[in-house]
Amino acid sequence: MESRKARILCLDGGGVRGITSLLMLKIIMTEIRTQEERDTADCGDENMDGGAANNDKTGSRSTTPLKPCEYFDLICGTSTGGLIALMLGRLEYTVDEAIEQYMNFGEEIFKKKRRCFNSSKYDHNILEKCLKKVIHESHLGDANAPMKDENCRCRTFVVSAHLNKHADEDEDDAAILRSYDL
429 MESRKARILC
439 LDGGGVRGIT
449 SLLMLKIIMT
459 EIRTQEERDT
469 ADCGDENMDG
479 GAANNDKTGS
489 RSTTPLKPCE
499 YFDLICGTST
509 GGLIALMLGR
519 LEYTVDEAIE
529 QYMNFGEEIF
539 KKKRRCFNSS
549 KYDHNILEKC
559 LKKVIHESHL
569 GDANAPMKDE
579 NCRCRTFVVS
589 AHLNKHADED
599 EDDAAILRSY
609 DL
């Protein structure tokens, strides 16, 4: 039997433009639901497993929104794409829930600020505050919940960079946050 290839969702940064990734993903998830419903109908058996869009106990099609974490093996991102990756992967949000949160904190995070050479584009304190609020309001309920969780359906990782402000330091620091052990 041939093994299935890994399904990876990679989300780039881009500030406020990150909403575009979510809108495209919403279209993809709609297409997945349509295909699952078509496949289930083609089987002619209403009780067959149709993926996350299964039939409910009454035999009618489920209208429960699909979660990307149920379809991707790994969701990763950088910058604002990392925020989206956390919401979709570790926090198991639907695309609509991620869009709502992104719109809520987007204006606060992406306010224009003066940038000096080698300074970050966004204020990390505001970013951290918004992220903690999102995590607190999620099913985790604890803003300081650990990133790692081996029981998570979908592996998630985020790459975060810290720009060194001193000319004598040659390299910037990068951190990888992941929900799994290697």
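Following my numbering, the numbering of the sequence shown begins with 429 at its first residue and continues without gaps.
Quick reminder that beta carbons are idealized off the backbone N, C-alpha and C, glycines included.
Leaving out five residues before and five after residue i in sequence, what residues of the same chain have Cβ atoms less than 6 Å from its Cβ?
i, result
"residue 520", "495 and 497"
"residue 584", "503, 513, 517, 518 and 607"
"residue 435", "500 and 501"
Please report the straight-line C-alpha distance between residue i and residue j, rounded to a whole angstrom.
i, j, result
"residue 568", "residue 513", "16 Å"
"residue 475", "residue 492", "Note on residue 475: pLDDT 48, under 50, position unreliable in the model; no value is reported."
"residue 528", "residue 430", "39 Å"
"residue 557", "residue 566", "14 Å"
"residue 463", "residue 560", "36 Å"
"residue 465", "residue 451", "21 Å"
"residue 469", "residue 535", "43 Å"
Looking only at its chain, what residues have a beta carbon closer than 8 Å to the beta carbon of residue i, apart from the 5 residues adjacent to it on each side?
i, result
"residue 531", "447"
I'd like to know whether the C-beta atoms of residue i and residue j end up nearer to each other than 8 Å.
i, j, result
"residue 454", "residue 562", "no"
"residue 588", "residue 605", "yes"
"residue 438", "residue 505", "yes"
Identify the continuous alpha helix (DSSP H) that holds residue i and give its terminal residues.
i, result
"residue 437", "Here residue 437 belongs to no alpha helix (DSSP H); instead the beta strand (DSSP E) covers 436-439."
"residue 509", "507-513"
"residue 461", "446-471"
"residue 530", "523-537"
Based on the DSSP secondary-structure assignment, which residues constitute the bridge partners of residue i?
i, result
"residue 587", "506 and 604"
Cβ of residue i versus every heavy atom of the ligand COA: is any distance shorter than 7 Å?
i, result
"residue 464", "With respect to small molecules bound, the structure shown includes none, and the ligand COA cannot be examined in it."
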